[in-house]
Amino acid sequence: MPRMLDVSEDVRAEIGDAEADRLLVGDNAPGSYDCTSCRTPGDSEQERTSTVLFVGDETAVLAFAHATCIPSQVVQVAEEQLQGAVRSITGGEGPYVDGSGSGAGRPQDAPAEQAVLGITSGLVLIDDELHPALVVEPTGAIARPGTDGGRGDEFLQLLLEQGFHPVHRTDQVPAVLHGWSILLAMGQLHAVLQPGTGGGAPVAWWQAHAPLQVTEGWRTAANKSQTVLVFAAPAGSIGQQPREDLLRDALDRAAAKGLLVAAAMPLAGT
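When you line the sequence shown up against numbering that gives the first Met the number 0, it's residues 0 to 269, in that order.
Take a look at the structure:
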């Protein structure tokens, strides 16, 4: 039976016309599946379904998702993370995206069994100027890829190795992290991009399972400066703050404890 599958041009280019056509007529495509984004069941015979191709350096894994969660696309994934993608398709944790909230996504440099990232947008006042900011906080400890987590939470150390800088005071604009960028499309936040391996195309370090809404003020400030400040802290350091002044207070406390890193990233998109 034909499936209600969406196969993007990028996915078709990767898997070939013959394989794409077989998927669309029902061959090699599951009827039921677990959405690779929100982890809830889907049925390609009853609802629009996206084909999502996770591509590593040498291998690729085809997964399926509700079209309402994410569009059909090719996602560049580090080769060592593809085992996580396999677990996702067979019912384990997702490879790096998660459906726990519109601001949640798995960091590219964390193993699949680790926590996901929460991202909060807000405006930070520095030198009497409002700067668009993103605050990144995992839901739990982040372990180094290839380890069992026995060394404790290495989230900040991993970011320092990527080029983030320690923050002791939040009244200074952090240095630009070259090669990284913030993907904003049609006024919505889609991803934080990091450099690809070997100088290749940028890949998603964090990606929303659905575009994340930002305020008009945040978008205006981002379009004006073309730069977004990204602050990151370990799990439990910031928390969910209902107002921007409380968020700033939480950032100040984390910085005073040596638990905050940051970087400025150029804006990609509008």
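Cβ coordinates follow ideal geometry from the N, Cα and C atoms, glycine included.
> According to the neighbour-count rule (16 or more other Cβ atoms, all chains shown, within 10 Å of its Cβ), is residue 196 buried or exposed?
Replying inline: exposed
>> I need the DSSP call for residue 215, collapsed to helix, strand or coil.
In response: helix
> How is the alpha helix (DSSP H) around residue 166 delimited, first residue to last?
Replying inline: From DSSP, residue 166 is part of no alpha helix (DSSP H); its letter is neither H nor E.
> So, helix, strand or coil for residue 64, using DSSP?
Replying inline: strand
>> Considering just the uninterrupted stretch of the alpha helix (DSSP H) at residue 33, what are its terminal residues?
In response: That residue, residue 33, is in no alpha helix (DSSP H); its beta strand (DSSP E) goes 31-33.
> Looking at C-alpha atoms only, which residue of 26, 247, 266, 219 is the closest neighbour of residue 230?
Replying inline: 247
> Could you give the distance in angstroms between the alpha-carbon of residue 266 and the alpha-carbon of residue 221?
Replying inline: 7 Å
>> Run through the DSSP bridge pairs and tell me what residue 123 is partnered with.
In response: 130
> Would the beta-carbon of residue 60 fall within 8 Å of that of residue 158?
Replying inline: no
> Does the pairing of the segment 130-141 with the segment 113-122 give three or more beta-carbon distances under 8 Å?
Replying inline: yes
> Under 8 Å, do residue 65 and residue 46 count as touching if we go by C-beta distance?
Replying inline: yes
> Whole beta strand (DSSP E) runs in the segment 183-212 with 3 or more residues, listed along the chain?
Replying inline: 187-193, 202-212
> Is residue 206 buried or exposed, if buried means 16 or more other CB atoms sit within 10 Å of its CB?
Replying inline: buried
>> Quick check on residue 41: buried or exposed, where buried means 16 or more other Cβ atoms within 10 Å of its Cβ?
In response: buried
> Hey, quick one: how far does the beta strand (DSSP E) through residue 228 stretch, first residue to last?
Replying inline: 226-231
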